[in-house]
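FYI, in this note's numbering the residues of the sequence shown are 4 to 1148. Note that beta-carbon positions come from the ideal geometry of N, C-alpha and C, so glycine has one too.
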Amino acid sequence: MKKFNIRKVLDGLSSVSSSSSSQPGNRDNDIQETLQSEHFQLCKTVRHGFPYQPSAMAFDPVQKILAIGTQNGSLRLFGRPGVECYCQHDNGAAVIQLQFLINEGALVSALADDSIHLWNLRQKRPAILHSLKFNRERITFCHLPFQSKWFYVGTERGNIHIVNVESFTLSGYVIMWNKAIELSSKAHPGPVVHISDNPIDEGKLLIGFESGTVVLWDLKSKKADYRYTYDEAIHSVAWHHEGKQFICSHSDGSLTIWNVRSPAKSAQIITPHGKQPKDGKKPEPCKPILKVEYKTTRAGDPFMVLSGGLSYDTVGRRPCLTVMHGKSTAVLEMDYPIVDFLTLCETPYPNDVQEPYAVVVLLEKDLVVIDLAQNGYPIFENPYPLSIHESPVTCCEYFADCPVDLIPALYSVGSRQKRQGYSKKEWPISGGNWGLGSQSYPEIIITGHADGSVKFWDASAMMLQVLYKLKTAKVFDKSRNKDDKPNTDIVDEDPFAIQILSWCPESRMLCVAGVSAHVIIYKFSKQEGATEVVQLLEVRLQYELNDVESPEGDQVPSLPTPGATSSSQPPAPQSQPSTSSSSSDGIRDNVPCLKVRSTPLKQSAGYQVELVIQLVWVSGEPPQQITSLGVNSSCGLVVFGNSNGLAIVDYLQKTVLLNRGIIELYGSNDPYQRQPRSPRKTRQPSGAGLCDINEGSTTSEDRCKSPTSGSTSPCNSDDDQKVPNFLERVKTKSRMFSKTIVYDLAKMSRKLSLPTELKPDLDIRDNSFSRSRSSSVTSIDKESQEAITSFQFCETFTRKTDSAAAPSLWVGTTLGTVLVFVLNLPPAGEQRLLQPVIVLPSGTLIRLKGAILRMSFLDSTGALYPPACEPWREPNAPNDKDEKDRLRKRRPVSVSPSASQEISENQYAVICSEKQAKVIALPSQNCIYKHNITETSFVLRADMVQMNNSICLACFCANGHIMTLSLPSLRPLLDVNYLPLTDMRIARTFCFTNNGQALYLVSPTEMQRITYSQDMCENLQEMLGELFTPVETPEAPNRGFFKGLFGGGAQSLDREELFGESVAGKASRSLAQHIPGPGGIEGMKGAASGVVGDLARARIALDERGQKLGELDERTAAMMASAESFSKHAHDMMLKCKDKKWYQF
């Protein structure tokens, strides 16, 4: 007796329901969903990459920590490799200067909005303890002497204010500019550009003014001891460690060296890059020397390191850092402009011999560390992941919980790519400690770049390290110069840019799609190989012009997903017709955009080219950029599509299995009314066309319904069968196309294909943005064109009547349609290479609202049913292993939970579009769950991810919301308004992965990782590294016998006596406003214990002033007791002697 299943009845009812989610009675009781809302929480984890637009730098020589500030107010702190930290000033103002409280675990930052902030670095996530906002003066330069709590702040008006770092309050002691300069001087000296104390006398402060005046100020007597004047503007000042000389850098490219006691004239003038005239005149002026540092050594000449100062006739020369040591001058060219540099020395004491060993150079887009101790000044190999932006990132994929042997394999082949010639010493920035994270699974991030390179990164345990770099451009012939540039290019720049990545971690097969409508398939090998001829397939996807209307006649949005349109450069119209055309009338036809190299290709260990596929020009129309890509190692197939159609390629047999236009894919099952469009339609300028596209038109409400039509007459896969009247329409249109109209169409298509970054007036509302965000749009005047957006291989039930699962390909389009194709594969082994793969349409058609983004499958238990894949084997095996035996052993390996299950309701298809998600039961094709994800926005990225031994659907919307839905019931579990879409970079690079992790490119140079897992948020503190570690401060240099005898050496100063409130008084309240920071009590305690002095002094007395006050209190109590005793004795004596006469004494 057949068992009655009420669930099937309810499934049938749910398919005609138009509610946003399934009815309560529809729930599948067989699947227990374990994920709940409390399992989810969103927070940022770590940020990788080079700080975007850096503006300031500081180094703690004891803790060995480097800090970099940026123009958007962010701070990046670097310790040993793997120890990094990111923090942000709330106001977003540019950081103009950073100063460490050396070995105290604290940092002071000065911002362009005239505020200074004290950061506590003794906690894993640094926080601001105090802030001080200046109201009436602009901050230009700051200085904090070593082991001092008094912070000097120079201003644009030429004044210097003094801040107590402990309380972050202003002292009443102010150095006014008019008291510092000569009384006879009538001109203002300009802003303060330098402040430093004399290394051997803390009571003398050297003040540099922009106009060229330098003043040595006596803090005790409150007057200037000496004034030094030069007729060129000053950029920086540096002391000799003995405090008897200092050096200034000037705007004319000169350096002046001054003896402290000889202010009348400089001791020496040097123009490092100036040509010295023979007649003894002043050398020709050079570019300004922006910074100079003067460092001494015990056993040799001092080092002078400077940036800038090149002669004006070196036009086009790259920025340089100059190192002068004795009589030698080394000019080190840099790839980018220099922002700042610091010379690293063995001692933190300014009055000791410096012994420099390295120079850290902060460039606009790089960080370089130069070894001063080796000849030739080699650079250190940078261990930080700062090369993400080496070429602009165009796409990104994130894989968590990869096979354990992948990272060692990639590292092994990547280690052979490393450059030689680096310094042999250890990386000098070595502070902090690694976190104790419990994450043990491997994670890999893959980035595609504008120059055609692909980088693999090890992202395990909150770190990032480059493993391997693949250069896809090596497959093509590169143009020698602009004259040789082929005119078949469809982009002006970066023709090799990567748009889409498809990677199978188990088989290690990699497939990339580029901006020039090319696809390259790579296999992984640990051995080198050589390819005599690169295998090439040219595919002609027919360009169809059609109006697309829904059955009701409403306009239907039809643009590819942003994740698939990652061209970093705009396609451009061609300036002249191609001369390499195969057509008799000069129209380019059957010509690819790039030329594959004809010479033999040496293939290094790693990813090696298996096959190159190129789309060709068709009747003068360039190929459309590829919008979706998929690879399956078990089937040996690659599939790709664009706004023209779909192609399936067998990369084992190197043949094209299917090449169809989108209309042909539907056959007689096409739900849309398509009409031929007149090619002579009036064209509008590209700007007007974009404006029209931005005029919103509503989507067809009928697409919310999910037709589950059964098997219809399938389309044959042979090319001779067409949609009725299709050939006639093509012939008619081809006769009407003149050369001019065709060229005009191509030109307009290219203009409309601009990436969104270059489009005017971008509106991120639902309709407007969804119509203008594709790089593959070729429709004009509000006319939409359907494109392929997503693929999924799986063994599924393709028809309602199927009794067994079969290999299949599911195809999603921009109109919300899902088409299913059956794949008939030959037997594995030798037959697989001889017999053809047959691709048949199943007739199954599923429709959703909005473009299809992601498809996946669940088994009857609710577990993810991944595509079958083949385990990796070394393709370049030794010859003693017969190829036939290897192929005979080849068997597809499915990692699905179970292969044999009940025929009834065996699987569930989960389909997510820009607007909604549906769960379809297979093989019945009933929609059992549906959820409208967003009404006013659209989904940019969606992924089915595993978390807590379960599975959920994660979505990122254009309005900034990150959402997760349970599977299969599509219950909302998380909805957080996290990140509004500010540019297409985020949309192009945002991706989710397993175990509650996600990432995106937050700037052109930085990658932000986030988590939506509650467990990871709770354990984040343990995973993060520590910046501050207890380290002994080196001992101060000895004064020496004679210096002590004759009063030489460093002179200390009681700054508390000078700057304290009891002597200096209070500062004006209107000058600056104190703002308590959000650092917290624990952070304050940690910082307060370290701000007073170094650890050696702290070990003697943690709070020196408190101890002195305690001693004073005890003395006062003793004095009071003594006074009281004296008073008592005096009173007794008075009583005793009161009645006695004078003669009785």
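Around the beta-carbon of Pro57, 16 or more other beta-carbon atoms lie within 10 Å, marking it buried. Between Ile629 and Val652, the gap from beta carbon to beta carbon reaches 7 angstroms or more. For the pair Phe995 and Pro445, the Cα-to-Cα distance works out to about 15 angstroms. DSSP links Phe995 through a beta bridge to Ala1001. CA-to-CA, the gap between Ile448 and Pro595 works out to about 31 angstroms. Spatial neighbours of Val522 in its own chain (CB-CB distance under 6 angstroms, excluding positions within 5 residues in sequence) are listed in chain order as Ala516, Ile616 and Phe643. In the DSSP annotation of this structure, the continuous segment of the alpha helix (DSSP H) that includes Gly417 starts and ends at Leu409 to Gly417. Around Lys1069, the same chain offers Gly175 as residues with beta carbons nearer than 6 angstroms, after the five sequence neighbours per side are excluded.
Our two residues, Asp221 and Asn75, have alpha carbons roughly 38 angstroms apart in a direct line.
Assignment of Met307 by DSSP, reduced to helix, strand and coil, places it in the strand class. Assignment of Met179 by DSSP, reduced to helix, strand and coil, places it in the coil class. The region 78 to 87 makes contact with the region 1011 to 1030: 3 or more CB pairs, one atom from each, lie closer than 8 angstroms. Around the beta-carbon of Tyr425, fewer than 16 other beta-carbon atoms lie within 10 Å, marking it exposed.
By alpha-carbon distance to Leu604, the top candidate from Pro359, Val536, Asn635 and Asn951 is Val536. Residues of the same chain with a CB within less than 7 angstroms of the CB of Lys127, apart from the 5 flanking positions on each side, are Gln1024, Leu1027 and Glu1029 in chain order. Contact between the region 54 to 72 and the region 318 to 331 is not established, with fewer than three Cβ pairs separated by less than 8 angstroms. The distance from the Cβ of Leu365 to that of Phe344 is about 7 angstroms, consistent with a contact at the 8 angstroms cut-off.
Ile931 is classed as buried because its beta carbon has at least 16 other beta carbons within 10 Å across all chains shown. The beta-carbon distance between Leu861 and Leu984, rounded to whole angstroms, is 30 angstroms. This is too long to meet the 8 angstroms contact definition. Rounded to the nearest whole angstrom, the C-alpha separation of Thr274 and Glu1059 is 42 angstroms. Between Gln538 and Ala608, the C-beta spacing is not below 7 angstroms. Counting C-beta pairs closer than 8 angstroms gives three or more between the region 334 to 351 and the region 58 to 67, which meets the contact rule.
The C-beta of Arg802 has 16 or more other C-beta atoms within 10 Å across all chains shown, which makes the residue buried. In this model, Leu409 and Pro388 are separated by some 19 angstroms (Cα to Cα). The beta carbon of Lys247 is closer than 6 angstroms to those of Val263 in its chain, skipping five residues each way along the sequence. Under the Cβ criterion (8 angstroms, minimum of three pairs), the region 822 to 832 does not count as touching the region 918 to 928. Cβ neighbours of Ile71 within its own chain (closer than 6 angstroms, five residues either side excluded): Pro54, Pro57, Met60 and Arg79.
Ranking Lys284, Leu956, Arg591 and Pro291 by CA distance to the CA of His276 puts Pro291 first. Between the region 494 to 505 and the region 385 to 402, the count of Cβ pairs shorter than 8 angstroms is three or higher; the stretches touch.
Going by DSSP, Asp1018 is part of the alpha helix (DSSP H) stretching over Gln1017 to Met1026. Here Ile68 carries a strand assignment [DSSP, helix/strand/coil]. Taking the C-beta atoms as reference points, Ile131 is found nearer than 7 angstroms to His120. Rounded to whole angstroms, the separation of the alpha carbons of Glu509 and Val407 is 10 angstroms.
Taking 7 angstroms as the cut-off, the Cβ atoms of Lys526 and Gln656 do not count as close. The DSSP-derived three-state label of Asp1135 is helix. For Lys933, the CB contacts under 6 angstroms within the same chain, skipping 5 residues up- and downstream, are Lys921 in chain order.
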